[in-house]
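Novice: Structure below; questions to follow.
Residue numbers (our numbering): 2 to 471.
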C-alpha cells in the first residue's frame, strides 16, 4: 500500500521470548512524537520478557500490562491500520496474531490556540479553534464538563479519510436530528474532505442552492457551547479551525457573544444597528439607482439639485456607474485578501486615490454614487457572515432598480422573502421566530431580554417535520 511513499517507517523488533517472536512498529514520519514513542512503546517492548507465550498471548500482555500509552485501539485489517498510522498512531503488529494495536503517540506540528480573527469580542474568552480535531474537542469539553456531552467519531472522504466529530448534548439534541446529520455525512461521496465547507451542502436541505446558508460556521468555542445547550449539533472537521453548527437560523447572524456579556439595552441597540446595516448594505445602491433614474421626485430638493449636478457631469448612465463602482470595489477587496500583507497599504492608497478622489475629479464617476456604494460596502461588514448573500443581492437590486425602478425592487424583495420563508435547515424553518412567528423566542431576536428572563426557559431546537431521507 505504501510501496512508493518515503514517509512510511517500519521498525522490525525481536521480542524477548523463548521462540524469539518478531514484531513490527509501523509509523508515518512526522506524525508521531519520537520521545513518547520510545518511552511508551519501544522501550517497554524491548525490555519485557514474554517467556514462552504465543503470539496471541503476547498481544494480550502487550495491551494489558506492557505498553504504557493511555490510548490503545485494537485494529483489524490493513485499511484501518493505515488510517490510524496516517493519523499519528503507532501501529504494533505481532507475529502469530491477527489483530494489530494502534497506540496513541501523536506528535505532529500544529498551530496553537489563538484568538479568532473573524469573531472578535470585547469581553469574554480570547480562545479560538485551531486545526487539530482533538484540541478543538478539548476546548469544548473544558466549557461543558457534563457527561451529557457526546463526541461521536466518523470519517468522510474516500481518499482523505478525514476524521469528523459530531458533538451534541444527549438530553438536548433531538434523536431524529442527530440521526439525520449522521446519515447525510455517511452518504457523502467526496474523495477528499479538506475543510468544513466541503460538507455544508450535504447538510443543507436544498443542497446549497439557496444563497443563504442553513449551516453556521464559528471559530469560538463559547459560541458553539451556547448553541449546544439549545439542542444544536456541532460538526468538527479535522484540519479546519472552525466548527459547523446546524441547524442555523437567520436571526442568529445578528447575534454575538458580546450581546450576552453587555447590558440588555446596549445589546438591543447593537442588534438594531446590525439589522439596519444589513438592510442598507442590500438595498441602498439599488434604491439610489431606481430613484435617480426613474423617481427623482422622491429626492428632497437640495439633495436632488446636488445629485443632478453630480450625475450630469459623468458620461455613464446611473445604473452602469453604480455597477462599475461596486464591481471595482469587489476586485479591490479580493486583491486585499490575496496579496501579501506588506503590499496591503499600497492597494489601499491606490484605491483611495485612483478610484476615489481622482475618478471624481476627472468626472468619470459622481461623488454621490461613490458615497452610496461606499456606505453600503461598510455596512456589509457589520454582518460579515452574511457577506456572500448580501453582495449577491446588492448586485441583483442594482440591476432590477435600474431596469424597472422601485416596483422591480419590491417584486425582487417578495421573491427573496418567499425563498427565505420556504428554506429549512434540517427541517427547521430558516426564519424561525419571525416566520413562523413565536412570541416567546422573540425575547432574543431584536431585543435581548435580561438574563433572569432568558434563563427561565431554555429554547431548544427539537421539533421538525419528518422527511424522506430521515
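Where is the CB? At the ideal position from N, CA and C, for every residue including glycine.
How is residue 283 classed by DSSP in three states: helix, strand or coil?
Specialist: Looking at residue 283 - three-state DSSP - the assignment turns out to be helix.
Novice: Please determine if the segment 441-458 and the segment 255-272 are in contact, where contact requires at least 3 C-beta pairs separated by less than 8 Å.
Specialist: Contact holds: three or more Cβ-Cβ distances are below 8 Å.
Novice: Using only alpha-carbon positions, find the residue among 256, 109, 170, 74 that is nearest to residue 92.
Specialist: Nearest C-alpha to residue 92: 74.
Novice: Report yes if the C-beta distance between residue 442 and residue 436 is below 8 Å; otherwise report no.
Specialist: It is not a contact, given that the beta carbons lie outside the stated cut-off.
Novice: Measuring only the C-alpha atoms, how far is residue 105 from residue 376?
Specialist: Each residue's Cα considered, the two are about 54 Å apart.
Novice: Just curious, the alpha helix (DSSP H) that residue 28 is in, first and last residue?
Specialist: First-last for residue 28: 23-29, but that is the beta strand (DSSP E), not the alpha helix (DSSP H).
Novice: At 4 residues or longer, what runs of the alpha helix (DSSP H) sit wholly inside the segment 146-208?
Specialist: Here the runs fully enclosed are 176-187, 198-201.
Novice: Assuming contact is defined by CB atoms lying nearer than 8 Å, are residue 1 and residue 90 in contact in what I supplied?
Specialist: Outside the shown range of the chain, which is 2 to 471, sits residue 1, and nothing can be said about it.
Novice: Would you be able to state if there are at least three C-beta pairs under 8 Å between the segment 232-251 and the segment 276-296?
Specialist: Touching, no.
Novice: Residue ranges of each alpha helix (DSSP H) run of no fewer than 4 residues wholly in the segment 295-319, ordered along the chain?
Specialist: Counting whole runs of 4 or more residues, the segment 295-319 contains the alpha helix (DSSP H) stretches 302-313.
Novice: List the endpoints of the continuous beta strand (DSSP E) containing residue 1.
Specialist: Residue 1 lies beyond the stretch modelled for the chain, which goes from 2 to 471, so this question has no answer here.
Novice: Where residue 125 and residue 87 are concerned, what is the direct C-alpha to C-alpha distance, given to the nearest angstrom?
Specialist: Going from the Cα of residue 125 to the Cα of residue 87 covers about 36 Å.
Novice: Under the assumption that residue 315 contacts residue 403 (Cβ atoms under 8 Å), give the Cβ distance between them as a whole number of angstroms.
Specialist: Wrong, their Cβ atoms sit about 15 Å apart, outside the cutoff.
Novice: According to DSSP, is residue 60 part of a helix, a strand, or is it coil?
Specialist: If DSSP states are grouped into helix, strand and coil, residue 60 belongs with the helices.
Novice: Using only CA atoms, which one of 81, 76, 85 lies nearest to residue 99?
Specialist: The shortest C-alpha separation from residue 99 is found at 76.
Novice: Which value, in whole angstroms, describes the spacing of the CA atoms of residue 335 and residue 341?
Specialist: Whole-angstrom Cα-Cα distance: 12 Å.
Novice: For residue 60, count neighbouring C-beta atoms within 10 Å of its own C-beta (all shown protein chains included) and say buried if the count is 16 or more, exposed if not.
Specialist: Buried is the call here.
Novice: By how many angstroms is the C-alpha of residue 307 removed from the C-alpha of residue 165?
Specialist: Cα to Cα, residue 165 sits roughly 58 Å from residue 307.
Novice: Suppose contacts are defined by Cβ-Cβ distances below 8 Å. Is residue 69 in contact with residue 45 by that definition?
Specialist: In contact: residue 69 and residue 45 (Cβ atoms closer than 8 Å).
Novice: Between which residues of its own chain and residue 81 is the CB-CB distance below 6 Å, once the five residues before and five after are set aside?
Specialist: Result list for residue 81: empty, nothing under 6 Å.
Novice: What are the boundary residues of the beta strand (DSSP E) that residue 50 is part of?
Specialist: Here the beta strand (DSSP E) through residue 50 covers 50-52.
Novice: Looking at the structure shown, is residue 121 part of a helix, part of a strand, or coil, going by DSSP?
Specialist: In this structure, residue 121 counts as coil in the three-state DSSP scheme.
Novice: Determine, using beta carbons only, whether residue 384 and residue 212 come nearer to each other than 8 Å.
Specialist: No, the pair does not count as a contact, with Cβ atoms beyond the cut-off.
Novice: Measure the alpha-carbon distance for residue 287 versus residue 196 and round it to whole angstroms.
Specialist: Their Cα atoms are separated by approximately 35 Å.
Novice: Among 362, 133, 271, 329, whose alpha-carbon lies nearest the alpha-carbon of residue 311?
Specialist: Out of 362, 133, 271, 329, 362 has the C-alpha closest to the C-alpha of residue 311.
Novice: According to DSSP, which residues form a beta bridge with residue 14?
Specialist: According to DSSP, which records beta bridges pairwise, residue 14 is partnered with 24.
Novice: Does DSSP put residue 379 in a helix, a strand or coil?
Specialist: Note: residue 379 maps to helix in three-state DSSP.
Novice: CB residue 19 to CB residue 52, shorter than 8 Å?
Specialist: Yes.
Novice: To which residues of the same chain is residue 469 closer than 7 Å at the C-beta, ignoring the five residues directly before and after it?
Specialist: Residue placement at residue 469 cannot be trusted, given a pLDDT of 39 that sits under 50; what the coordinates show is reported in the next sentence. If we look at residue 469 and ignore the five residues flanking it on each side, it has no Cβ neighbours.
Novice: Assuming residue 225 and residue 246 make a contact with CB atoms under 8 Å, what is their CB distance in whole Å?
Specialist: Confirmed, about 6 Å.
Novice: Between which residues of its own chain and residue 207 is the CB-CB distance below 7 Å, once the five residues before and five after are set aside?
Specialist: So the list reads 424, once near-sequence residues are dropped.
Novice: Less than 6 Å between C-beta atoms, sequence neighbours within five positions excluded: which residues of the same chain meet that for residue 160?
Specialist: Once the five neighbours on either side are set aside, the close Cβ partners of residue 160 are 192, 193.
Novice: According to the neighbour-count rule (16 or more other Cβ atoms, all chains shown, within 10 Å of its Cβ), is residue 322 buried or exposed?
Specialist: That one is buried.
Novice: Once DSSP output is grouped into helix, strand and coil, what is the label at residue 134?
Specialist: Three-state DSSP puts residue 134 in a helix.
Novice: On a Cα-Cα basis, can you pick out the residue from 182, 372, 144 that is closest to residue 235?
Specialist: For the residues 182, 372, 144, the minimum Cα distance to residue 235 belongs to 182.
Novice: Which same chain residues, not among the five before or five after residue 252, have their C-beta less than 7 Å away from its C-beta?
Specialist: Counting only Cβ-Cβ distances below 7 Å, and skipping sequence neighbours, we find 434, 435, 446.
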